[in-house]
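Here is the structure we will look at, set down as structure tokens.
Now the structure itself:
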């Protein structure tokens, strides 16, 4: 069994990005600049944005955080989006979700210029993924694809079972792995709460992507010997064995599944650390005009 | 076995649309207006556009065909798109494909205002389908969904196998049937040329959608007893038994598969006639501002 080390890979990629940014600066090119918008004082959102800011610094990006109280109006937020869309100094920006209930998240997301939508949430970026055109891929699916690449995990012709049909993980990773691409060219089955014979379906999978948000859902008994297991779940549970009093667990019963899998991502330290790296990669692509010509 | 009669259903839907258009006219509302752009003199394109024009007349729509020689420049075509985008008299328009090689189809498609993109080819409409937002669905997948509705074919929790991953059929129908919707909520496996164990996968399917463009590919031997079979293939082959000297056959070996299936679409007369109806439905939705508020 090979443990997929998201911390190691993400550190490597950050170094690669940092090197590239250094060279860009040497050539007198503009420093990539990411803006994060945060509304209100949600603890998890603060943590995420903090990590993103720190990661930007690590790789040499410029980074700005725009803070709004949760009394901000939709109009004010849309005006900010418009300003960022039209500011040539800003390569990409993200709207940290969730937003307060009086603001339409969808409306705000659709207001973002797709060229600067480094979170890959704009429908045009999702649609371009379906068609197979260059697009910003959202953080988690992009991180999974990157792990397949770095660990040289063959996906062509493999049976992939994705558990969970969320808009930001299950659906896009299903589409990506179905594409004529590498990684890709897999035979993908997208399963969800209405799936009737999940155990039977999972037992045929060469690769399982668990993204349903149900702690320790995937057990060894369900799995084919030697399957690749990607665990996207992150649930915080109480623990007496940690200083903080809680720990993170995934959608996979790691202790037993790891004995049967050929490759497996741990939680934490698997897919998680890859998500911020995906955002950095998208921002670099934006700065270089790789997805949409400048 | 129930033969799914696309001719009958499409005639019914045309009558329903005609009735609604009559009522719209009575209320003094604008008549829905579809424009088709055709470039060059491709025989198949002429036939399709001719059918579309005739169908518009049947339901009481206004319809215009804009013809260009295949020497038209991309710039001229983009200017025409821009004019139609901004013409409030036009509810929807379509660019008959293929376009001459010197013109980027993708660029022209992306220039169409998504609000008037009644062919559903713009990436934003595909992306909205992925997210589960209201969107124009392209003709063939929309026609299949309509047949499921009209024949009350249960899709929730069913194993659906789609054969063929084209951008206009395989991918969108896979996405639609995976959605939390009715029809939808199915467990969908998207298969293609790189799929290794297709026979095994198809043998588990409650519903098979054959859209690979390989005549009589799906045989009875591959199928589970009582499965629903949707045949999207249309291949023209020579025939001594028809006046014209050729006939249309599908991706399904109809004679034998029809004995094992619970529902089956014939070719011709199954999915085919539904495609124009989907276009009419999208145009009606455009006129009423159902997908995007006016």
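Chains as they are written, first to last, in my numbering: chain A, 34 to 327; chain B, 34 to 327.
Just so it is clear, CB atoms sit at the ideal spot from N, CA and C, and this is done for glycine as well.
Q. So which of B:219, B:42 and B:247 has the shortest CA-CA distance to residue 226 (chain B)?
A. Indexing the second chain from 1 puts residue 226 (chain B) at position 193. Nearest C-alpha to residue 226 (chain B): B:247.
Q. Considering only residues of the region 191–261 of chain A, which uninterrupted beta strand (DSSP E) runs meet the minimum length of 3 residues and lie entirely inside it, listed in chain order?
A. With a minimum length of 3 residues, the continuous beta strand (DSSP E) runs that stay inside the region 191–261 of chain A are 192–196, 220–224 and 240–243.
Q) In chain B, which residues lie less than 9 Å from residue 234 (chain A) when you measure between Cβ atoms? A) For the purposes of this step, residue 234 (chain A) is taken as the residue at position 201 of the first chain. Those within 9 Å of residue 234 (chain A) in chain B are 192, 220, 222 and 237.
Q. Can you list the beta strand (DSSP E) stretches of 3 or more residues lying completely in the region 57–123 of chain A, in chain order?
A. Counting only runs of 3 or more residues that sit fully inside the region 57–123 of chain A, the beta strand (DSSP E) segments are 66–72 and 95–101, in chain order.
(Q) Let me confirm a value: residue 161 (chain A) is counted as buried when at least 16 other C-beta atoms fall within 10 Å, else exposed. Which label applies? (A) What you label residue 161 (chain A) is simply residue 128 of the first chain in a count that begins at 1. Counting the other Cβ atoms within 10 Å of the Cβ of residue 161 (chain A) gives 16 or more, which makes it buried.
Q) Do you know how far the Cα of residue 224 (chain B) is from the Cα of residue 263 (chain B)? A) By one-based count along the second chain, residue 263 (chain B) stands at place 230. By one-based count along the second chain, residue 224 (chain B) stands at place 191. Their Cα atoms are separated by approximately 15 Å.
Q: Could you tell me whether the Cβ of residue 227 (chain B) comes closer than 8 Å to any Cβ of chain A?
A: The residue labelled residue 227 (chain B) in the question sits at position 194 within the second chain. Cβ-Cβ to chain A under 8 Å: yes for residue 227 (chain B).
Q: Look at residue 147 (chain B) and residue 178 (chain B) and say whether their C-beta atoms are less than 8 Å apart.
A: One-based indexing of the second chain puts residue 147 (chain B) at position 114. One-based indexing of the second chain puts residue 178 (chain B) at position 145. No, Cβ-Cβ distance for residue 147 (chain B) and residue 178 (chain B) is not below 8 Å.
Q. When DSSP labels each residue in this structure, what does residue 127 (chain B) get in the three-state scheme?
A. Sequence index remark: in the second chain, residue 127 (chain B) carries index 94 (1-based). If DSSP states are grouped into helix, strand and coil, residue 127 (chain B) belongs with the strands.
Q. Is it true that the CB of residue 127 (chain A) sits closer than 8 Å to the CB of residue 98 (chain A)?
A. To locate residue 98 (chain A), count along the first chain from 1; it is residue 65. To locate residue 127 (chain A), count along the first chain from 1; it is residue 94. No, these two residues do not count as a Cβ contact at 8 Å.
**Q.** Closest Cα partner of residue 195 (chain B) within the set B:208, B:189, B:185 and B:183
**A.** Translated into the one-based positions of the second chain, residue 195 (chain B) becomes position 162. Selection B:208, B:189, B:185 and B:183 evaluated against residue 195 (chain B) yields B:208 as nearest (Cα-Cα).
Q | Alpha carbon of residue 176 (chain B) to alpha carbon of residue 172 (chain A), nearest angstrom | A | Taking the second chain and counting its residues from 1, one reaches residue 176 (chain B) at position 143. Taking the first chain and counting its residues from 1, one reaches residue 172 (chain A) at position 139. Approximately 34 Å, taken between the alpha carbons.
Q) Comparing the C-beta of residue 156 (chain B) with each C-beta of chain A, is any distance below 8 Å? A) Within the second chain, residue 156 (chain B) is the residue found at index 123, counting from 1. Yes, residue 156 (chain B) lies at the interface with chain A (some Cβ there is under 8 Å from its Cβ).
Q. List, in order along the chain, the chain B residues whose C-beta lies closer than 8 Å to that of residue 88 (chain A)?
A. Along the first chain, read from residue 1 onward, the residue named residue 88 (chain A) stands at position 55. The contacting residues do not exist; residue 88 (chain A) stays about 27 Å from chain B at best.
Q) By the criterion of Cβ-Cβ separation under 7 Å, what are the contact partners of residue 295 (chain B) in chain A? A) Sequence index remark: in the second chain, residue 295 (chain B) carries index 262 (1-based). In chain order: nothing, as chain A lies at least about 17 Å away.
Q: Can you check the region 138–181 of chain B for any alpha helix (DSSP H) of at least 4 residues that lies completely inside it and give the ranges in chain order?
A: 138–144 and 156–164
Q) In whole angstroms, what is the alpha-carbon distance linking residue 218 (chain B) and residue 153 (chain B)? A) As a first step, residue 218 (chain B) must be located in the second chain, where it is residue number 185. As a first step, residue 153 (chain B) must be located in the second chain, where it is residue number 120. Within the model, the alpha-carbon separation for residue 218 (chain B) versus residue 153 (chain B) is close to 22 Å.
Q. How big is the Cα-Cα spacing for residue 151 (chain A) and residue 117 (chain A)?
A. In the first chain, the residue the question calls residue 151 (chain A) occupies position 118. In the first chain, the residue the question calls residue 117 (chain A) occupies position 84. So the two alpha carbons sit approximately 13 Å from each other.
Q. Who are residue 296 (chain A)'s beta bridge partners in DSSP?
A. To locate residue 296 (chain A), count along the first chain from 1; it is residue 263. Paired residue(s): A:35 and A:261.
Q: Could you tell me if residue 255 (chain A) is buried or exposed, where buried requires 16 or more neighbouring beta carbons within 10 angstroms of its beta carbon?
A: As a first step, residue 255 (chain A) is located in the first chain; it is residue number 222 there, counting from the start. Its Cβ being crowded by 16 or more others within 10 Å, residue 255 (chain A) is buried.
Q.
For residue 134 (chain B), report the span of its alpha helix (DSSP H) as first-last.
A. For this step, residue 134 (chain B) is matched to residue 101 along the second chain. From DSSP, residue 134 (chain B) is part of no alpha helix (DSSP H); its letter is neither H nor E.
**Q.** Between the CA atoms of residue 222 (chain A) and residue 257 (chain B) - distance to the nearest angstrom
**A.** Along the second chain, one-based indexing puts residue 257 (chain B) at 224. Along the first chain, one-based indexing puts residue 222 (chain A) at 189. Cα to Cα, residue 257 (chain B) sits roughly 18 Å from residue 222 (chain A).
Q: Quickly, what does DSSP pair residue 268 (chain A) with across the bridge? List them, please.
A: Start at 1 with the first residue of the first chain, and residue 268 (chain A) comes out as number 235. BP columns for residue 268 (chain A) point to A:282.
Q) If you pair each beta-carbon of the region 306–318 of chain A with each one of the region 62–70 of chain A, do three or more pairs fall below 8 Å? A) yes
Q | Boundaries of the alpha helix (DSSP H) in which residue 324 (chain B) is found, first to last residue | A | Sequence index remark: in the second chain, residue 324 (chain B) carries index 291 (1-based). Here residue 324 (chain B) belongs to no alpha helix (DSSP H), and DSSP marks it neither H nor E.
Q) Listed from N- to C-terminal order along the chain, which residues in the region 240–254 of chain B have their beta-carbon within a distance smaller than 7 Å of any beta-carbon of chain A? A) none
Q.
Considering only the alpha carbon of each residue, which of B:69, B:318 and B:232 lies closest to residue 100 (chain B)?
A. Position 67 of the second chain, counted from the first residue, corresponds to residue 100 (chain B). Cα-wise, what sits closest to residue 100 (chain B) is B:69.
Q. Taking C-alpha atoms, which residue in A:234, A:237, A:232 and A:174 lies nearest to residue 210 (chain A)?
A. To locate residue 210 (chain A), count along the first chain from 1; it is residue 177. For the residues A:234, A:237, A:232 and A:174, the minimum Cα distance to residue 210 (chain A) belongs to A:174.
Q.
Using 8 Å for Cβ pairs, my map puts residue 251 (chain A) next to residue 286 (chain A). What's the rounded Cβ distance?
A. On the first chain, position 218 is the one that residue 251 (chain A) refers to. On the first chain, position 253 is the one that residue 286 (chain A) refers to. Right, the Cβ-Cβ distance comes to about 6 Å (below 8 Å), so this counts as a contact.
Q: Indicate whether at least one CB of chain A lies closer than 8 Å to the CB of residue 108 (chain B).
A: As a working note, residue 108 (chain B) is residue 75 in the second chain. No, its Cβ sits nowhere closer than 8 Å to a Cβ of chain A.
Q.
Can you check whether the C-beta of residue 204 (chain B) is within less than 8 Å of a C-beta belonging to chain A?
A. By 1-based counting over the second chain, the position of residue 204 (chain B) is 171. Yes, because at least one Cβ of chain A sits closer than 8 Å to the Cβ of residue 204 (chain B).
**Q.** Close Cβ partners of residue 58 (chain B) (< 8 Å) along its chain, the five nearest in sequence each way excluded
**A.** Against the second chain, residue 58 (chain B) aligns to sequence position 25. Closer than 8 Å at Cβ, skipping near neighbours: 64 and 93.
Q. Just checking my contact of residue 133 (chain A) with residue 76 (chain A) at CB under 8 Å: how many whole Å lie between their CB atoms?
A. Start at 1 with the first residue of the first chain, and residue 133 (chain A) comes out as number 100. Start at 1 with the first residue of the first chain, and residue 76 (chain A) comes out as number 43. About 15 Å; that fails the 8 Å criterion.
**Q.** residue 185 (chain A), DSSP secondary structure in three states
**A.** Stepping through the first chain from its first residue, residue 185 (chain A) is reached at position 152. In the three-state scheme derived from DSSP, where H, G and I count as helix and E and B as strand, residue 185 (chain A) is classed as coil.
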